[in-house]
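Written below as structure tokens is the structure these notes are about.
In the numbering used here, the protein residues as written are 8 to 290.
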């Protein structure tokens, strides 16, 4: 999506209108703070948590769990997805077990993982990795199998090896699917880390939410949810930037993150004219 000044303005206006309506509803109907706090109360709780450094300390731990779980889960998903897509025997023997495992609710597995691996970092990373694993697995399989068979046959007729076909055709063709899987896996890893912290943890934003829940500090819970939403948005943006660098040949990726003006056609025409001028062609 190309972001223009108009789009940014409308998004900001919608956000301000939502906050104002939320504040008005709470004030007019006098909703108790332990049911639904006003945005101003959430803002004060957020300020106190950030000023004291408590939120940042727990945020660092949650981010570490998320990133490690994302790396482990994505790597396993990519390599196993590649093996399943490229070898029908691996698919025949392993894919049914993968589906059975994925059918298990990860919320139910989290307590077992915490019991087996303790309250420390390991259990959170494992749970985050398990949640992030499946999107990469499926997207890698679909991407590798979606290569045009006519092109595969053409490369085989030119005596290309399986390795050459993989690196020169199948993997580039699968990259859009893999990058989409990474986008989903990153958010899932964050959710997996928070779920594991709910079950049992020594540090982390999930543990902090549980503590505030026991103390009926709803404003504090909302402030942490706001932080998690912003963290998810930032992580998503990072994946978008990586996708833009990796898929540099894709025109849609080149323009996806570029700010747009209201007159979209003019810059495009200018680029075409400049390109023709370099080639010595007059428009």
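Even glycine gets a Cβ: it sits at the ideal position worked out from N, Cα and C.
### Task
Go through its chain and collect everything with a Cβ distance to residue 121's Cβ below 6 Å, but skip five positions before and after it.
130, 206, 207
### Message
Quick check on DSSP: helix, strand or coil for residue 123?
### Response
helix
### Task
Could you work out which residue in 177, 203, 80 is closest to residue 128 when comparing CA atoms only?
203
### Task
Could you pull the start and end residues of the alpha helix (DSSP H) that residue 161 belongs to?
156-164
### Query
According to the Cβ coordinates, are residue 221 and residue 49 closer than 9 Å?
no
### Query
For residue 133, which of 92, 158, 79, 233 has the nearest alpha-carbon?
79
### Message
Please identify the residue among 76, 59, 32 whose C-alpha is closest to the C-alpha of residue 192.
### Response
76
### Message
Are the CB atoms of residue 188 and residue 84 within a distance shorter than 9 Å?
### Response
yes
### Message
Beta-carbon within less than 8 Å of residue 153's beta-carbon, same chain only, minus the 5 sequence neighbours each way: which residues are those?
### Response
180, 181, 184
### Query
Using 8 Å as the threshold, is the region 102-111 in touch with the region 55-64, meaning 3 or more CB pairs across them?
no
### Query
With 16 as the cutoff for other CB atoms within 10 Å, does residue 21 come out buried or exposed?
exposed
### Message
Whole angstroms are fine: how far does the CA of residue 164 sit from the CA of residue 242?
### Response
43 Å
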